[in-house]
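Protein sequence lines, in the order shown, are assigned to chains U and X.
Taking this note's numbering, the leading residue of the first sequence gets 4, the next gets one more, and so forth.
Taking this note's numbering, the leading residue of the second sequence gets 4, the next gets one more, and so forth.
Cβ atoms here follow ideal geometry from the backbone N, Cα and C, with glycine treated the same way.
In this text, all values refer to a predicted model and were calculated from it rather than measured experimentally.
Here the structure is laid out as structure tokens; the discussion comes afterwards.
There are 2 protein chains.
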Amino acid sequence: MSKKSIRIAIDCMGGDHGLSITVPAAKQFAQQHPDTLCLLVGDEAAIRAQLNQEGAASGDWYEIVHASETVCMDDPVEVALRRKKDSSMRIAAQAVKDERAHACVSAGNTGAWMAITRYVLKTLDGIDRPAIATSIPNQKGGATTVLDLGANVDCTAEHLLQFALLGSALVHTVDGKDRPTVGLLNIGEEIIKGNEVVKQAAELLRASGLNFYGNVEGDDICKGSVDVVVCDGFVGNVVLKSMEGLAKMVAKMLREEFTRNALTMTAALVAKPVLNRLSDRFDNRRYNGAALLGLRGIVIKSHGSADAYAFGYALQRARFAVKNGLLEGTTQYIEHLRQSFAQADVHSPLSSTSNGDTLSA
Amino acid sequence: MSKKSIRIAIDCMGGDHGLSITVPAAKQFAQQHPDTLCLLVGDEAAIRAQLNQEGAASGDWYEIVHASETVCMDDPVEVALRRKKDSSMRIAAQAVKDERAHACVSAGNTGAWMAITRYVLKTLDGIDRPAIATSIPNQKGGATTVLDLGANVDCTAEHLLQFALLGSALVHTVDGKDRPTVGLLNIGEEIIKGNEVVKQAAELLRASGLNFYGNVEGDDICKGSVDVVVCDGFVGNVVLKSMEGLAKMVAKMLREEFTRNALTMTAALVAKPVLNRLSDRFDNRRYNGAALLGLRGIVIKSHGSADAYAFGYALQRARFAVKNGLLEGTTQYIEHLRQSFAQADVHSPLSSTSNGDTLSA
Numbered sequence: 004m005s006k007k008s009i010r011i012a013i014d015c016m017g018g019d020h021g022l023s024i025t026v027p028a029a030k031q032f033a034q035q036h037p038d039t040l041c042l043l044v045g046d047e048a049a050i051r052a053q054l055n056q057e058g059a060a061s062g063d064w065y066e067i068v069h070a071s072e073t074v075c076m077d078d079p080v081e082v083a084l085r086r087k088k089d090s091s092m093r094i095a096a097q098a099v100k101d102e103r104a105h106a107c108v109s110a111g112n113t114g115a116w117m118a119i120t121r122y123v124l125k126t127l128d129g130i131d132r133p134a135i136a137t138s139i140p141n142q143k144g145g146a147t148t149v150l151d152l153g154a155n156v157d158c159t160a161e162h163l164l165q166f167a168l169l170g171s172a173l174v175h176t177v178d179g180k181d182r183p184t185v186g187l188l189n190i191g192e193e194i195i196k197g198n199e200v201v202k203q204a205a206e207l208l209r210a211s212g213l214n215f216y217g218n219v220e221g222d223d224i225c226k227g228s229v230d231v232v233v234c235d236g237f238v239g240n241v242v243l244k245s246m247e248g249l250a251k252m253v254a255k256m257l258r259e260e261f262t263r264n265a266l267t268m269t270a271a272l273v274a275k276p277v278l279n280r281l282s283d284r285f286d287n288r289r290y291n292g293a294a295l296l297g298l299r300g301i302v303i304k305s306h307g308s309a310d311a312y313a314f315g316y317a318l319q320r321a322r323f324a325v326k327n328g329l330l331e332g333t334t335q336y337i338e339h340l341r342q343s344f345a346q347a348d349v350h351s352p353l354s355s356t357s358n359g360d361t362l363s364a
Numbered sequence: 004m005s006k007k008s009i010r011i012a013i014d015c016m017g018g019d020h021g022l023s024i025t026v027p028a029a030k031q032f033a034q035q036h037p038d039t040l041c042l043l044v045g046d047e048a049a050i051r052a053q054l055n056q057e058g059a060a061s062g063d064w065y066e067i068v069h070a071s072e073t074v075c076m077d078d079p080v081e082v083a084l085r086r087k088k089d090s091s092m093r094i095a096a097q098a099v100k101d102e103r104a105h106a107c108v109s110a111g112n113t114g115a116w117m118a119i120t121r122y123v124l125k126t127l128d129g130i131d132r133p134a135i136a137t138s139i140p141n142q143k144g145g146a147t148t149v150l151d152l153g154a155n156v157d158c159t160a161e162h163l164l165q166f167a168l169l170g171s172a173l174v175h176t177v178d179g180k181d182r183p184t185v186g187l188l189n190i191g192e193e194i195i196k197g198n199e200v201v202k203q204a205a206e207l208l209r210a211s212g213l214n215f216y217g218n219v220e221g222d223d224i225c226k227g228s229v230d231v232v233v234c235d236g237f238v239g240n241v242v243l244k245s246m247e248g249l250a251k252m253v254a255k256m257l258r259e260e261f262t263r264n265a266l267t268m269t270a271a272l273v274a275k276p277v278l279n280r281l282s283d284r285f286d287n288r289r290y291n292g293a294a295l296l297g298l299r300g301i302v303i304k305s306h307g308s309a310d311a312y313a314f315g316y317a318l319q320r321a322r323f324a325v326k327n328g329l330l331e332g333t334t335q336y337i338e339h340l341r342q343s344f345a346q347a348d349v350h351s352p353l354s355s356t357s358n359g360d361t362l363s364a
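What follows is the structure in structure tokens.
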């Protein structure tokens, strides 16, 4: 095995573009980070061909791990999990399980990647379900971590508490924030005070020892009122996609207005440096790489449509999580919370065992 | 009573700014629409003083309807409903109930306005709960009607169907679209297929005779994939506020980037006409005025922070709904749906009677 200190398993076959994106992204990433070994997982011959095409076949930056199958973007979860036991996703997750890699990354089918990593790696003790977390840029120049983004449609208060824990551990270890603030996504006090689950979750959060800020509303995400925003997966997914839709519309309107006629095109030329800076600040490729938290291993999901630049950010996120000890940090958070609830004489909302094995394959 | 054909009751005391906004907005609105009479509801002396200050005391454009109490922005719903029976909100709603006005508008406390109008006016036959609908500008240059935006936290499939009906009736009568398309807000198929309520609602929608497009995702709001997007009030509220937060952040970043230094400020000067057009397209004041649908009367809610320009749009929305027969249109839709379900031999998801009287005051 290579002596490089960080090893990342990359599903080279996943995503809308597969090898043509993942391999060059991995190569560039490895150049930037000589301490990191890339395990290129997928069809060996196809990976070799791509490496040759990139002129990247030499060097000690990679190892190829053959996988005979590929999960397609539209494969049902059942097919991915039960019929494709030698998929590049499965083998990448297995590499983490077997401690051949510290983290795994895929741009493939989200549902399949979640199911496979959960099946192979299982959840951490105390955590019922994994959650998807991502960073959304905020007005303060930082980013707000939001979870869950679609792993769990129906959540209990206990699940929301566990998401708060996972998000706090992520921001604490990866962003180095001492006591990340947590907000519970809710609707305007002036209308109604939220549903039962949210109210119960607020009570648990108050007893948890986490740095609970209280309820927040949708606009607090971009305001950056808190470090971590917690919600169920249905709400999180819809919110994220709505915001993506709006961001795309704004970009389109900017283009339309600046290309309307000769005059506006001149204005665009003059304003170009400003507009470029603006689009850099908004470039969501820099925020690519959602974390699947709560598993016994570091798992990153890249956007399916990521280009090599964006996929590189997902790889960096994986490396950063390994380097900063995300797993150890999360385990410490779980222990800390158990103690808080014991001291407060409250029944712990953390599950007593891992239950990632409820799925069978 | 005045011979003007349209009469709108305006809660002059509501909103963050009260009389100083509502009275000048009403005056300008009445000038633009000589067929419309404004019933100015609130403290008579204070309204007269404001009219004098505006030099608007003469003319047949208004009548004052005295109300001795005002619902404050932070009054609990119970206080507004049970303790302030002579509030300007209550009297404005009562004017619609008594057929002194065709519609009522308030910029006050949303929860109170909902509770009061529901108590005074009751829901339409077939409708269990009123819903809040608004228009969000979309990429196609039109607007997408989204509901519910916070009136109902926990919804059944039947409620979602009723929202689809109310939204369709709104778009049909007010925007003049023949068979508005309806989308059910859901999360990416690739992750999970939504919760039970959403699945059941989809079945009801397919049997309804409404123009059901199918599931849509968050980004379809700005894409303009459908005319009407239906969701529960928790999701709708969070989505709307998240998008508002993002829009504000974009505006702030634009300002920041263009005022960074002398060079960028020159660029801003050159680009000013373009940026102005852009900010016009984004000016959410033009979309002010959410409709409370499903009641036996036309009820509009303005943003609490609306200025006179924005409040004028809320008044126009009320007038337009009256002029286009929103109530009659909605009743026809309800009848049409009852027939569809009867023909399909499906138990009607429309309630058999109005139940707006479950609240007591």
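A contact is defined here as three or more CB-CB pairs under 8 Å, and the stretch 335-350 of chain U meets this definition with respect to the stretch 115-129 of chain U. Within the stretch 303-329 of chain U, not one residue has a Cβ closer than 8 Å to any Cβ of chain X. In the structure shown, the three-state DSSP call for H175 (chain U) is helix. Against chain X, a Cβ distance below 7 Å from M256 (chain U) picks out L281, R284. Listed in chain order, the positions of the stretch 241-267 of chain U with a beta carbon within less than 8 Å of a beta carbon of chain X are V241, V242, L243, K244, S245, M246, E247, G248, L249, A250, K251, M252, V253, K255, M256, L257, E260, F261, R263, L266, T267. Classified as exposed, G179 (chain U) has fewer than 16 neighbouring CB atoms from the shown chains inside 10 Å of its CB. What I224 (chain X) touches in chain U, judged by beta-carbon distance under 7 Å, is S245, G248, going in chain order.
One thing to note: G328 (chain U) has its Cβ no nearer than 8 Å to the Cβ of L169 (chain U).
At least one CB of chain U lies nearer than 8 Å to the CB of A274 (chain X).
For C41 (chain U), the secondary structure class from DSSP, reduced to helix, strand or coil, is strand. I119 (chain X) has a beta carbon lying at 8 Å or more from every beta carbon in chain U. Of the candidates X:A265, X:G292, X:A317, X:V349, the residue whose Cα lies closest to the Cα of A210 (chain X) is X:V349. Considered as a whole, the stretch 47-119 of chain U harbours 65-69, 106-109 as its complete beta strand (DSSP E) runs of no fewer than 3 residues, in chain order. Each of X:R132, X:Q97, X:P140, X:A104 was checked against the Cα of I119 (chain X), and the nearest Cα belongs to X:Q97.
With respect to chain X, the C-beta atom of G217 (chain U) has no partner C-beta closer than 8 Å. Shown here, L272 (chain X) sits in a helix according to DSSP, grouped into three states.
C-alpha of H69 (chain U) to C-alpha of G300 (chain U): approximately 21 Å in a straight line. The straight-line gap separating the alpha-carbon atoms of Y65 (chain X) and N55 (chain X) is approximately 13 Å.
No residue range can be given for A347 (chain X), since it is assigned to no beta strand (DSSP E) and is classified by DSSP as neither H nor E.
For the pair A324 (chain U) and L318 (chain U), the Cα-to-Cα distance works out to about 10 Å.
Under the 8 Å criterion on CB atoms, G186 (chain X) is classed as non-interfacial with respect to chain U.
With contacts defined by Cβ atoms closer than 8 Å, A160 (chain U) and V200 (chain U) form a contacting pair.
Counting only Cβ-Cβ distances below 8 Å, V156 (chain U) has contacts in chain X at I190, I195, G197, N198, in chain order. Within the stretch 126-209 of chain X, the complete alpha helix (DSSP H) segments at least 4 residues long are 160-177, listed from N- to C-terminus. The C-alpha of G227 (chain U) is placed about 21 Å away from the C-alpha of G212 (chain U).
With the criterion set as a beta carbon lying under 9 Å from some beta carbon of chain U, the members of the stretch 137-148 of chain X are I139, P140, N141, Q142, in sequence order. One thing to note: D230 (chain U) has its Cβ within 8 Å of the Cβ of V174 (chain U). Beta-carbon to beta-carbon, S91 (chain X) and K304 (chain X) are separated by about 14 Å, too far to satisfy the 8 Å threshold. Of the candidates X:Q53, X:P27, X:G18, the residue whose Cα lies closest to the Cα of D77 (chain X) is X:G18.
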